[in-house]
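Here's the structure, in structure tokens; my notes come after.
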């Protein structure tokens, strides 16, 4: 089906009305979504449309940070004084509550505040109903990467939650792609290459014979001389660095030169050839190879890396060798749900990790008066300051446009790091500057519920990367994970979820990664759901339409998880000091304790992974309980 023949269906918040959707007119359908956490029907994972940092989650914070608004501070507090108040209900905040409870006593009174309508932060669960089946996907934090190398405290948190890593070898079907003869593809869009074409991806982590490599590259819709240059580069085994460089010079030159420039200068690879794989690591770094060092290309095993004279060990590779299989159907929302069950067992029925997957959270019980740990959603902290006697901390938050004040003996700030100086007036100026250095990576994770994946099976691809895309750069079938009563799609005729990734960047403009992240965040705030939807339609139609995929017939719902403040910023050696990392950098000064206030979030670890969030929580709790 050509793009011209696609007519806009009546999508209602991402659900196709009349095609397995609600079948309601817009106003009554919207009215059916409860907005009060106390409502027994309140269940955010089922909401579709524009999610992630959704409407209602950021406006209050922006009024403080962007407009300098000062919300009124009530004279009197509500609730009794808490032993701990946590600002931010993501994995770091939930872990802080868990560790505080373990160390200070199970009877400790704890309040967790979060500005979103759901807990978990970036660990977001998306649910869909297709026919009589419930599909579960992840809308943010993806997997546990290299969990056996986690710190002792993070490994203990997983154990205390009942997460047994060995079981994931059974949960994750590592033979799925081989069983269905699926591999990674490259989709060249008509918009950028003049024709829609889906080919093999020679830049994925699998080996190709010389013959199949030639056949693949000759299918690329790029000029023949560019094809030839790319083939010569991929075939060649001669060194790419001059013999007269010492090893120290070699490492420094590779560190200080972006991979795109290096290939143009030392491999005579034309820009049109580099464009084909320029963005294939955006999912890790948020930028393309024009903004990443050649040394990083060695660590990630890029083509030509074995010709640079530096081993991965010499490049100090930190990437895990463990299989990438430690994944819940809802991503690390599974970890967040396990944390909530630990803190409030009555709100999350069940006893095992397997039954956790299909268990439905009772959100009305999360903020129950009788719960020792209360989780209060739709609540944005706007002012955090020690009381005059310095024996407690007053926290003012806004809910339903009303200011409410609570008091805690200790506070852990597990929210977005750069917001802290705007709501915590006691942050010293030097610490403010340190916090301000980092720029979170903006990203979008979209989930597309489809009635079948026959077009993928027919084409032989489980997903594809889109070179030069200005929106979604990756679309693929979800991870093949089955846990407990939840089973991954058994056959091409069955429904499944497609996962799409977008990280707005501005390549080849001489911008640093931080500058690109800031511009990307601005772009995301300006985009409407329809723009994301339209790009998904165009790409799926262009890549798979000839294999029988019909966007009007096969797509039943779309959830777009927009995260303008996404991944925690990790130092980029091309622009930042080369010795900066989780153990050194501005974030160390930025996370300094302020009396009864400590800071815990992945930003404070300069590490955008679950263990970064957990380790930050452990440090913050230790600071507060050490006296």
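In the UniProt record's numbering, the protein residues as written are 1 to 627.
Glycine included, C-beta positions come from ideal geometry on N, C-alpha and C.
Here the structure is a predicted model, which means the values were calculated and not measured.
**Q.** C-alpha gap between residue 185 and residue 104, whole angstroms
**A.** 52 Å
Q: Decide yes or no for the touch test of the stretch 328-346 against the stretch 72-81: beta carbon pairs closer than 8 Å, at least 3 of them.
A: no
Q.
DSSP has residue 255 in a bridge; who is on the other side?
A. None; residue 255 has no bridge partner.
Q | For residue 415 and residue 620, the rounded distance between their alpha carbons | A | 13 Å
Q | Buried versus exposed, by CB contacts within 10 Å (16 or more), residue 232 | A | exposed
Q: Starting from the Cα of residue 358, find the closest Cα among 404, 330 and 282 and give me that residue.
A: 330
Q) Roughly how many angstroms separate the alpha carbons of residue 38 and residue 608, rounded to a whole number? A) 32 Å
Q. Can you tell me where the beta strand (DSSP E) with residue 563 in it begins and where it stops?
A. 555-567
Q) For the beta strand (DSSP E) that contains residue 83, what are its first and last residues? A) 82-87
Q) According to the Cβ coordinates, are residue 447 and residue 497 closer than 7 Å? A) yes
**Q.** Three-state secondary structure assigned by DSSP to residue 76
**A.** coil
Q.
I'd like the span of the beta strand (DSSP E) that includes residue 128, first residue to last.
A. 125-130
Q) Start and end of the beta strand (DSSP E) containing residue 307? A) Segment: none, residue 307 is in no beta strand (DSSP E) and carries neither H nor E.
Q. Should residue 151 be labelled buried (16 or more other beta-carbon atoms within 10 Å of its own) or exposed?
A. exposed
Q: Put residue 59 into one of helix, strand or coil per three-state DSSP.
A: helix
Q: Please confirm whether residue 114 and residue 139 have their CB atoms less than 7 Å apart.
A: no
**Q.** Contact set for residue 586: own chain, Cβ-Cβ below 6 Å, skip 5 residues either direction
**A.** 434 and 437
Q: Taking 7 Å as the cut-off, decide whether the C-beta atoms of residue 455 and residue 326 are in contact.
A: no
Q.
Tell me which residue opens and which closes the beta strand (DSSP E) that residue 46 is part of.
A. Looking at the DSSP string, residue 46 is not in any beta strand (DSSP E), and its letter there is neither H nor E.
Q) By how many angstroms is the C-alpha of residue 400 removed from the C-alpha of residue 284? A) 37 Å
(Q) So for residue 477, helix, strand or coil by DSSP? (A) strand
Q | CA-to-CA distance, residue 166 to residue 339, given in whole angstroms | A | 19 Å
Q) Based on the DSSP output, what are the partners of residue 447 in its beta bridges? A) 499 and 559
Q | alpha helix (DSSP H) runs contained entirely in the stretch 359-435, provided each spans 4 or more residues | A | 420-423
Q. Roughly how many angstroms separate the alpha carbons of residue 57 and residue 482, rounded to a whole number?
A. 32 Å
(Q) Only counting the same chain, and skipping five residues up and downstream in sequence, which positions put a Cβ closer than 7 Å to that of residue 46? (A) 127
**Q.** Assigned exposure category for residue 617 - 16 Cβ within 10 Å defines buried
**A.** buried
Q) What separation, rounded to the nearest whole angstrom, lies between the Cα atoms of residue 462 and residue 375? A) 39 Å
Q | Host beta strand (DSSP E) of residue 342 (start-end) | A | No beta strand (DSSP E) contains residue 342, which is instead part of the alpha helix (DSSP H) from 333-343.
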